[in-house]
Amino acid sequence: MLKSKTFVKKTRSGGIMKIVREHYLRDDIWCGSEVCTECNQEESVLQKDACIESNLCSFPHYLLPDTNVVLSQIDILEDPLIKNVIILQTVLQEVRHRSAPIYKRLKDILHDKEKRFYTFTNEHHRETYIEREQGESANDRNDRAIRVSTKWYSDHLKNTPTDEGLKVVLLTNDRGNKEKAEKSGLLTYRCEEYVKSLIANPELVDRLALTNDDKNEITSSRVMFPEHLPLSRIQEGDDSTEVLIQGLQNLNRAVHQDVVAVEILPLNQWVAPSSVVLQDEGPKEDDVTEEEEAELKRGLSGSESRKPTGRVVGIIKRNWRPFCGMLFLSQIKEATRHLFTPADRCIPRIRIETRQAATLAGQRIMVAIDGWPKHSRYPNGHFVRSLGSAGDKETETEVLLLEHDVPHQDFSQAVLSFLPKMPWNITEEDMAVREDLRNLTVCSVDPPGCTDIDDALHCRDLANGNQEVGVHIADVSHFIRPGNAMDLEAANRGTTVYLTGRRIDMVPELLSSNLCSLRSNVERLAFSCIWEINDKAEIVKTRFTKSVINSKASLTYAEAQMRIDDTNMNDDTTKSLRGLNRLAKILKKQRIEKGALTLSSPEVRFHIDSETHDPIDLQTKELKETNSMVEEFMLLANISVAQKIYDEFSECALLRKHPAPPPSNYDILNKAAKSKDLVIHTDSAKALADSLDAA
Amino acid sequence: MAGLELLSDQGYRLDGRKATELRKVQARMGVFAQADGSAYIEQGNTKALAVVYGPHEVRGSRSKTLHDRAVINCQYSMATFSTAERKRRPHGDRKSTEMSLHLKQTFEAAVLTNLYPRSQIDIYVKILQSDGGNYSACVNAATLAVIDAGIPMRDYVCACTAGFVDETPLADLCHAEESGGGTSLALALLPRGGHIALLQMDARLHQDHLETLMEAAMTACKGVSKVLDEVVRQHLQEVSALTGE
Chain X
2 MLKSKTFVKK
12 TRSGGIMKIV
22 REHYLRDDIW
32 CGSEVCTECN
42 QEESVLQKDA
52 CIESNLCSFP
62 HYLLPDTNVV
72 LSQIDILEDP
82 LIKNVIILQT
92 VLQEVRHRSA
102 PIYKRLKDIL
112 HDKEKRFYTF
122 TNEHHRETYI
132 EREQGESAND
142 RNDRAIRVST
152 KWYSDHLKNT
162 PTDEGLKVVL
172 LTNDRGNKEK
182 AEKSGLLTYR
192 CEEYVKSLIA
202 NPELVDRLAL
212 TNDDKNEITS
222 SRVMFPEHLP
232 LSRIQEGDDS
242 TEVLIQGLQN
252 LNRAVHQDVV
262 AVEILPLNQW
272 VAPSSVVLQD
282 EGPKEDDVTE
292 EEEAELKRGL
302 SGSESRKPTG
312 RVVGIIKRNW
322 RPFCGMLFLS
332 QIKEATRHLF
342 TPADRCIPRI
352 RIETRQAATL
362 AGQRIMVAID
372 GWPKHSRYPN
382 GHFVRSLGSA
392 GDKETETEVL
402 LLEHDVPHQD
412 FSQAVLSFLP
422 KMPWNITEED
432 MAVREDLRNL
442 TVCSVDPPGC
452 TDIDDALHCR
462 DLANGNQEVG
472 VHIADVSHFI
482 RPGNAMDLEA
492 ANRGTTVYLT
502 GRRIDMVPEL
512 LSSNLCSLRS
522 NVERLAFSCI
532 WEINDKAEIV
542 KTRFTKSVIN
552 SKASLTYAEA
562 QMRIDDTNMN
572 DDTTKSLRGL
582 NRLAKILKKQ
592 RIEKGALTLS
602 SPEVRFHIDS
612 ETHDPIDLQT
622 KELKETNSMV
632 EEFMLLANIS
642 VAQKIYDEFS
652 ECALLRKHPA
662 PPPSNYDILN
672 KAAKSKDLVI
682 HTDSAKALAD
692 SLDAA
Chain R
28 MAGLELLSDQ
38 GYRLDGRKAT
48 ELRKVQARMG
58 VFAQADGSAY
68 IEQGNTKALA
78 VVYGPHEVRG
88 SRSKTLHDRA
98 VINCQYSMAT
108 FSTAERKRRP
118 HGDRKSTEMS
128 LHLKQTFEAA
138 VLTNLYPRSQ
148 IDIYVKILQS
158 DGGNYSACVN
168 AATLAVIDAG
178 IPMRDYVCAC
188 TAGFVDETPL
198 ADLCHAEESG
208 GGTSLALALL
218 PRGGHIALLQ
228 MDARLHQDHL
238 ETLMEAAMTA
248 CKGVSKVLDE
258 VVRQHLQEVS
268 ALTGE
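Taken in sequence, the protein lines are chains X and R.
Using this note's numbering, count along the first sequence one by one with no gaps and you end on 696.
Using this note's numbering, count along the second sequence one by one with no gaps and you end on 272.
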C-alpha cells in the first residue's frame with residue numbers, strides 16, 4: 002500500500018521547501034519472536050523464555066522502551082542482564098536525530114546477538130503505521146505510534162499457542178504516555194520502578210541515571226549562552242586587575258586571545274582558581290557538564306585564595322585565525338558535520354561541515370572559525386586546507402611552524418629585488434668611511450655546521466702591557482636599508498628559526514650565509530667594538546667604528562678549545578685565542594661575584610642520519626671553555642654599547658633591563674623546594690644563584 | 028544532524044522498499060486525442076507525459092532529411108512546478124539538451140526508422156513531477172507513446188536507475204537517494220534480447236562493483252517491461268472493446 006509523507010522544511014537560505022515522499026506499507030515485517038507461528042521469519046531474535054526476574058513481572062516478557070528511556074538510560078540497556086528488548090523504528094530514528102553517541106551505542110547493542118535486541122520496523126508495517134492527527138504534535142504522534150505498536154505486539158503474541166503468557170512491557174517515564182497506555186490496557190512501568198523491582202540484580206539501580214522526569218519534554222535542551230551586550234553598552238573599564246572566569250557559561254563563547262568585556266560578579270560568587278582540568282570528552286549531554294562544573298565550584302570555594310571572578314558579557318575584538326589540528330569523526334556514518342580538535346589546547350573544538358571526512362580523518366588539517374551561535378556548544382567553522390598525513394615529518398614541521406606563527410614561506414620577488422648584484426666587492430666609497438682592520442688576526446668561533454657567522458673576535462698585546470680586544474659584528478645595515486621590503490620582511494620574521502634539520506632564515510641566504518657572514522679569508526664589512534683591557538680585565542678605553550675585516554679562521558668550539566690546549570701550536574690565531582680565554586675567565590668570575598645567574602639547562606643535540614634524515618641519536622651539548630669565552634665578550638660588548646648609547650642619548654636610549662621578579666612568582670619554586678627540604682633565597686640575584694648552586 | 032539513512036540494518040530503504048523492489052508504476056496510453064500517440068506514466072512520485080507526432084514530412088529545414096530513414100526529433104522539458112523549488116528556466120538549459128540528445132539516441136536504436144525514409148518523427152516528453160529517475164520515466168513514457176502512435180519498434184525500451192549503498196545495489200532510486208552523493212546508474216534496455224540502448228552513470232564506482240550494479244539495473248528494467256507490456260495489452264483490449272472487435 003502506498004501512502005504519502007508530506008512535510009515542510011526550511012532551506013539554508015531561509016526559504017521554505019515542501020518535501021513529498023512516498024511511504025510504502027508492507028505485510029512482510031515479522032515480529033521476531035521465537036514463539037510466533039504466524040510470522041514467516043528466517044531467524045527469530047526474541048526468545049521464548051524471556052525471563053528477567055522481577056517482582057512486577059513474574060511472567061516471561063519483552064521490554065519496549067520509549068525514546069526518552071533509551072536516551073537517558075542507555076547504561077541500563079547495555080547491562081548484560083537486560084535481554085529480549087524490542088526497539089521500534091520510531092525510537093531508533095528519534096535517537097539518531099537527537100544524539101549521535103547514544104545512537105552508536107544502541108546500534109552496537111543491536112548488533113550483539115547475545116543481547117537479543119530486535120528492531121521492529123513499525124513505520125512500514127501496515128497495521129502499526131499511524132498518521133498525525135489534527136492538532137497533534139510530532140512528539141505526541143510518536144508516543145501514539147509506540148503505544149499502537151505495543152498493543153499490536155501484545156495482541157499478536159496472544160494469538161500464539163503458549164501456556165506461559167508472553168507479555169510485552171512498555172517502559173516509559175512520561176506520565177501522560179503512561180496514563181494513556183494503561184487506559185488502553187497495556188502493561189506499563191516507569192523505568193525506575195522496573196529496575197528497582199529486579200530481584201536478582203540490585204546493583205542495576207546504581208546505573209540508573211537521575212533525570213527530572215516530569216518536565217522531560219523532547220525540547221532540544223541545548224546550552225543557551227547569554228546574549229552578548231551591544232557595543233554601545235560596553236565601556237572601557239580599567240584592565241589592571243586580573244579577573245578569573247570559570248566555566249563554559251561564563252566564558253560565553255570567548256576564544257583564547259579575544260579582547261572581551263567582563264562583568265565582575267558580586268563578592269559572594271568569587272571562587273578560587275581550580276587546579277583540576279576538566280577534559281572535554283566530546284559532544285555529551287549538556288546538563289551533565291554543568292552538573293560536574295557546579296560540583297567542582299562547590300568543592301573549591303571554601304579556600305582562602307579567592308580571586309575577583311567575572312563573566313564575559315561582550316566581545317570587543319575577535320582574534321580568530323586558521324588553526325591546525327585533526328578531525329574527530331562523528332559517530333553516524335552519513336553525517337557531514339564533524340568536530341575538529343585543534344593542536345593548541347586553549348582553543349575549543351570546532352564543528353565543521355564537510356563531505357570528505359573519510360579522506361581527512363588521518364590528516365592534519367587547517368580550520369578557520371566562522372562564528373559561534375548562542376545555542377551551540379561548539380563554534381562553527383570551515384575547512385581551509387589539508388597539510389598532509391599526521392605523523393609525517395614534513396606535515397608535523399608545518400603544523401609547528403603554523404601554530405607558533407613562524408613565517409616560513411619563500412622570500413617574495415620584492416624582497417629579493419633588494420639583494421645586491423653578485424659578484425659583490427667592497428668599493429672605494431665603502432672603504433673611505435671605514436677603518437681598515439684587514440691585517441688583524443680576527444677569528445670566529447661557532448657551532449659546527451654554522452654558515453651564518455655573525456660575530457668575530459681578536460686579541461693582541463699592546464706595547465704598554467695591556468691587551469687590545471675587539472668584537473666585530475657583521476654590518477647588515479649596509480645591505481638592508483630602513484623601510485625597504487627586505488627590512489619589513491625581516492622585521493616580520495624577527496629572528497632566524499633553527500629546527501632540527503631545517504633553518505628558516507630571517508634574511509635571504511645570500512646575505513645571511515654569504516655577504517653578511519664573517520667567513521674566513523674574505524673581506525667583509527663589520528661594525529667593531531675595540532677595547533684596551535689590562536691584565537686584570539678592567540676596561541681602560543673603548544671605541545666603536547665601522548670597519549673592514551678579514552677573518553683568518555672560522556673555528557668550531559671544539560677546534561678552538563683544541564688549539565688553546567695544544568702547547569705545540571703557537572701561531573697568531575692560537576695566541577689570540579689564549580689571550581681571549583684568559584680574560585674571559587676573569588670577566589666571568591667578576592660577573593658571578595656581582596650576582597649573575599646561570600639558569601639555562603643543558604641543550605640537546607640530535608644526530609641526523611644522512612640518508613633518511615631521521616634523528617638517530619641524542620646528545621647533551623657539553624659546555625666548553627670556548628663557549629663561555631665567546632659569551633663573555635658578547636656580554637661585554639652589549640654592556641659597552643649600552644653605556645655609550647645612554648651617554649649620547651640619555652633621554653631616549655632604548656636599553657634592555659632585567660628587573661627583579663615579584664616574590665609571588667617564586668611561590669611555585671618555593672613549594673617545590675620545600676617538598677624536597679631545600680631553601681631557595683630569593684631576596685637578591687646573588688642569593689638566588691648561591692642557593693641554586695647549593696641545592 | 029546527519030544525512031538520511033538510505034538503507035537500514037533491516038534492509039529497508041527510506042520509503043520502506045527493499046533493495047530490489049521497484050516503485051509503484053502506473054501508466055495510461057492515448058491520453059491526448061490530437062496527437063498521433065501519447066502516454067502518461069507515474070513511477071512513484073515521478074510523473075512524465077510523452078507525446079508523439081509522426082511520421083510526417085520534415086518540417087523546417089529540408090536539409091535535415093535523410094534519404095533512407097526517418098529523422099527522430101526529441102525534446103525533453105520539465106515543468107516549472109515539477110521540483111521542490113520552482114524552476115527558473117525549463118527549456119534550453121544544459122540538462123534538458125543533454126537529456127533530449129540521449130532520448131534521441133535511445134529511440135534511434137529502437138525504432139525501425141528505415142521503414143519511413145525522408146520523414147520525421149517528433150517525440151516530446153514533459154516531466155510533471157520530479158522525484159528521481161527522470162530519464163527512466165521519460166523513456167518508458169516515450170515507448171508507450173510510440174506504441175500508441177503505431178510506429179513499429181524492435182522491442183520495448185525500458186529504463187530504470189540503480190544505485191549502490193553499503194555494498195548493496197538499490198533498484199529504482201528516488202530523489203533523496205540520488206542526491207545523497209552516491210553512485211547512480213541509468214540503463215535503457217531492450218529486454219527480449221538484453222541489448223543496452225543507453226548506459227549512463229554519475230559519481231564514482233569501484234570497478235569490481237560494476238557487474239553487480241548492471242545486473243541489478245537489468246533486472247529492474249525487465250520488471251518495468253513486464254508492467255509496460257501489461258499496460259499495452261490492457262489498452263489494446265479497451266480500444267478493441269470500444270471499436271467492437
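All C-beta atoms, glycine included, are put in the ideal place defined by N, C-alpha and C.
SER555 (chain X) and ALA475 (chain X) have their C-alpha atoms some 14 Å from each other. Bounds of any alpha helix (DSSP H) do not take in TYR499 (chain X); it lies within the beta strand (DSSP E) bounded by 498–500. Cβ atoms of TYR67 (chain R) and ARG55 (chain R) come within 8 Å of each other, at about 5 Å. Comparing alpha carbon positions, the residue from R:GLY38, R:LEU263, R:GLN227, R:HIS202 closest to LYS74 (chain R) is R:HIS202. Taking 8 Å as the upper bound for CB-CB distance, MET507 (chain X) and LEU581 (chain X) are not in contact here, some 28 Å apart. Of all C-beta pairs linking the region 363–376 of chain X to the region 387–396 of chain X, three or more are shorter than 8 Å, placing the two stretches in contact.
Look at LEU93 (chain R) here: in three-state DSSP terms it is coil, with no helix or strand label. Comparing alpha carbon positions, the residue from X:GLY495, X:VAL470, X:ALA433, X:GLU354 closest to VAL549 (chain X) is X:ALA433. When rounded, the separation of the alpha-carbon atoms in LEU588 (chain X) and HIS479 (chain X) is 32 Å.
Annotation: ALA201 (chain X) to ILE83 (chain X) spans about 12 Å, alpha carbon to alpha carbon.
In this structure, DSSP gives GLU612 (chain X) a state outside helix and strand, which the three-state scheme calls coil. Taking a Cβ-Cβ threshold of 7 Å, none of the residues of chain X is close to ARG116 (chain R); the smallest such distance is about 18 Å. Interface flag for ASP229 (chain R) against chain X is unset, since no Cβ pair is found closer than 8 Å.
None of the residues of the region 237–262 of chain R has a beta carbon lying less than 9 Å from any beta carbon of chain X.
Around MET18 (chain X), the beta-carbon contacts reaching into chain R at under 7 Å are ALA111, GLU112. Around CYS187 (chain R), no beta-carbon contact reaches into chain X at under 8 Å, the shortest distance being about 16 Å. Taking CB atoms only, TYR39 (chain R) has a neighbour in chain X less than 8 Å away. In the DSSP annotation of this structure, the continuous segment of the beta strand (DSSP E) that includes SER390 (chain X) starts and ends at 381–390. Around VAL52 (chain R), the same chain offers GLN70, VAL254 as residues with beta carbons nearer than 6 Å, after the five sequence neighbours per side are excluded. Against chain R, a Cβ distance below 8 Å from GLU43 (chain X) picks out nothing, because the smallest value is about 12 Å. Just so you know, the alpha carbons of SER267 (chain R) and VAL258 (chain R) end up roughly 14 Å apart. Within the region 141–165 of chain X, there are no complete alpha helix (DSSP H) runs of at least 4 residues. Contact annotation: in the region 56–86 of chain R, residues whose CB is within less than 8 Å of a CB in chain X are GLY71, ASN72. The beta carbon of LEU89 (chain X) sits no closer than 8 Å to any beta carbon of chain R.
Look at LYS91 (chain R): its C-beta is not under 8 Å from any C-beta on chain X. In the three-state scheme derived from DSSP, where H, G and I count as helix and E and B as strand, ASP411 (chain X) is classed as coil.
Straight across, the Cα-Cα distance linking ARG117 (chain X) with ILE30 (chain X) is about 18 Å. Burial check for TYR183 (chain R): the Cβ neighbour count within 10 Å reaches 16 or more, so the residue is buried. Per the Cβ contact rule, the region 134–148 of chain X is not in contact with the region 98–118 of chain X (fewer than 3 Cβ pairs under 8 Å). Residue state for SER123 (chain R) is assigned as helix, using DSSP reduced to three classes. Taking all protein chains in view, the Cβ of TRP373 (chain X) is crowded by 16 or more other Cβ atoms within 10 Å, so the residue is classified as buried. DSSP places ALA358 (chain X) in the helix class (H, G or I) of the three-state scheme. Secondary structure at SER651 (chain X): coil, using DSSP grouped into helix, strand and coil. By the neighbour-count definition (other C-beta atoms within 10 Å, threshold 16), GLU238 (chain R) is an exposed residue. The three-state reading of DSSP puts PRO203 (chain X) in helix, counting H, G and I together.
When CB distances to chain X are screened at a threshold of 8 Å, the residues of the region 191–217 of chain R falling below it are CYS201, ALA203, GLY207, GLY208, in chain order.
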